[in-house]
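Everything below concerns the one structure shown next.
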C-alpha cells in the first residue's frame, strides 16, 4: 500500500491550510520534515524543512496511529499557513523528495471503508453531510455517519444468524430428538420482518429530506401566487403584473423552510383560455402539482371556495389579505400571514418525516425489500407443517446477503466508483 497525500481544506489563499497524509510511510515522512515525531493524537508546533535543511514553514502537526485514525492507517495532518506558495512548496516536497502520491477523489474515505473503519452506509452519509444544505439534512446524515444504520443492520443480522443456526441444527440432527425449533425460528424472523416493514414504510419521506420536498402554489389568475413566491424568497424570483396570465411556465425556487430543503413551484393561473401558450403552461402546472408532497391553494378571497379540490395535507388560504378586513389569509405585499404560513408548511414537513428511521437512499430500500421478500418466503414455509428445512435455510441466507449488501459487505464494487467520484480529493 502506497502513502498518499492531499490538501484537505479548500484550495486557494486562506489563513490555515490542512494537508493530510495516509499510509505506511506517513509517520516517517513527518519525522523527516519535522525532525521528530510528536506524541500520537497530540498537536505540536514544528518547523518543516526540506531534505537540504531549507525551511518550508512553521506548522501544527498531529499524527494518528494505525487503527486509531480516519483511514485505519498511519495518518498525519499538517496545518500550515494557507498561502498558495506555501501549499505548493509543501506538496512539491511530499511528491518529489519523499515519493508520496497525490490522492484521488475520495481515496481517504475509500481506505476507511477497505480497512473497516466505516461501512458503506457511513460513507454515503459522509457524502450526504458534505452536501447538506439544511439542518434536517445535517441531522439525518449525522445519525447514519455515527453508525446507527450499520448497528441496526447488524442487529437484524444477529437475529437471522440465530435463526439460521436453529434451522441447521434441525437439519443436522433430523434423526435425533433435539426438539422442535419452529416457534423459536419464527420469532427471530418475525422480529426482523417487523422492523424491516417499519423502516421501509418511512423510507420515501427520509429520502425526500435529502433530495428536497416540492410544494406548488395553486390559484386562479392574479391570485397573488408570484407575489407570495417573491415574499417567501425575499427577492424578485418571479415576474408579477396586474395582467392576467403573466406566469406561463412552472417557476422553481429552492429554499430552506424550517430546516427542510423545499422547492416551491409557482404555477400558471387556472382559467379557461383559448391562448395556446398559456393553456400549455396551465397543463404543465397541474401536472407538476399532482406529484408534489403537498400544495398551497390560494382562494380569491375569504369565503370563496378553492379553485381545485384539496388533499388532506394541502394548505388552503386566501391571498391578498391586506385588502380584507377579516382575519386569516396571507399577503405577499405586506407580509401579513407569512409567518403562520411558514409554520404550517414546517408542521406538514415534520409530519411527513415523523416516522423514525435511518435508511435514506433508494439503494437501502432495494436491499431491505429484497431481505423482506426472502423472509416472507421463509415465514410462509415455516407456517406450513410439511416445510423443507433446507429451503428455509436458503431463504434466510438470501435475506442475510441482502442486508450484507446494504452495509457494503458484498456486491457493491460497481457502486463505489460513483460514490467516491462525488468526494473532493482531500476526503
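In my numbering, the protein residues as written are 222 to 648.
Think of the CB as a built atom: it goes at the ideal place given N, C-alpha and C, for glycine as much as any other residue.
All of these numbers come straight from a predicted model, not from anything done at the bench.
Buried or exposed (CB count within 10 angstroms, at least 16 for buried), residue i
i	result
residue 526	exposed
residue 349	buried
residue 540	buried
residue 382	exposed
residue 339	buried
residue 441	buried
residue 419	exposed
residue 435	buried
residue 443	buried
residue 446	buried
residue 245	exposed
residue 238	buried
residue 580	buried
residue 234	exposed
residue 317	exposed
residue 376	exposed
residue 582	buried
residue 266	exposed
residue 299	buried
residue 575	exposed
residue 547	exposed
residue 573	buried
residue 415	exposed
residue 378	buried
residue 568	exposed
Cβ-based neighbour list, residue i, same chain, cut-off 6 Å, excluding 5 preceding and 5 following
i	result
residue 524	none
residue 391	402 and 610
residue 331	641
residue 421	589
residue 608	602
residue 359	353
residue 236	303
residue 520	527 and 539
residue 433	482 and 484
Contact check, residue i vs residue j, beta carbons under 8 Å
i	j	result
residue 545	residue 355	no
residue 578	residue 452	no
residue 329	residue 301	no
residue 277	residue 310	yes
residue 178	residue 438	With the chain covering 222 to 648 only, the question about residue 178 has no answer from this structure.
residue 543	residue 554	yes
residue 256	residue 648	no
residue 551	residue 562	yes
residue 474	residue 485	yes
residue 566	residue 324	no
residue 228	residue 308	yes
residue 305	residue 361	no
residue 413	residue 596	yes
Beta-carbon proximity list for residue i, same chain, < 8 Å, skipping 5 on both sides
i	result
residue 250	224, 242, 297, 315, 319 and 321
residue 463	Confidence in residue 463 is poor, its pLDDT being 46 and thus under 50, which makes the residue's placement too unreliable to answer from.
Three-state class that DSSP yields for residue i in the structure shown
i	result
residue 645	coil
residue 417	helix
residue 305	helix
residue 475	strand
residue 604	coil
residue 465	Confidence at residue 465 is low in this model, with a pLDDT of 46, below 50, so its placement is unreliable and the value that follows should be read with caution. Here residue 465 sits in coil by DSSP.
residue 287	coil
residue 292	coil
residue 225	strand
residue 442	coil
residue 521	coil
residue 409	helix
residue 329	helix
residue 324	coil
residue 299	strand
residue 487	strand
residue 503	helix
residue 617	helix
residue 482	strand
residue 628	helix
residue 437	strand
Cβ-based neighbour list, residue i, same chain, cut-off 7 Å, excluding 5 preceding and 5 following
i	result
residue 388	406, 610, 613, 614 and 617
residue 258	248, 251, 252 and 284
residue 368	343
residue 598	616
residue 374	624, 627 and 628
residue 333	291, 292, 293 and 339
residue 454	474 and 476
residue 592	417, 620, 623 and 624
Heavy atom of the ligand ATP within 7 Å of residue i beta-carbon
i	result
residue 442	With respect to the ligand ATP, the structure shown offers nothing to examine, as it has no ligands at all.
Q: Write down every uninterrupted run of the alpha helix (DSSP H) in the stretch 531–583 whose length is 4 residues or greater and which is fully enclosed by it, in chain order.
A: As far as the stretch 531–583 is concerned, its whole alpha helix (DSSP H) runs of at least 4 residues are 559–573.
Q: Please specify which runs of the beta strand (DSSP E), each continuous and at least 3 residues long, are wholly inside the stretch 337–387, giving them in chain order.
A: If we require 3 residues or more, the stretch 337–387 turns out to have no beta strand (DSSP E) run fully inside it.
Q.
Which complete beta strand (DSSP E) runs does the stretch 231–281 hold, if anything under 3 residues is left out?
A. The DSSP assignment places complete beta strand (DSSP E) segments of no fewer than 3 residues inside the stretch 231–281 at 235–243 and 265–270, in order along the chain.
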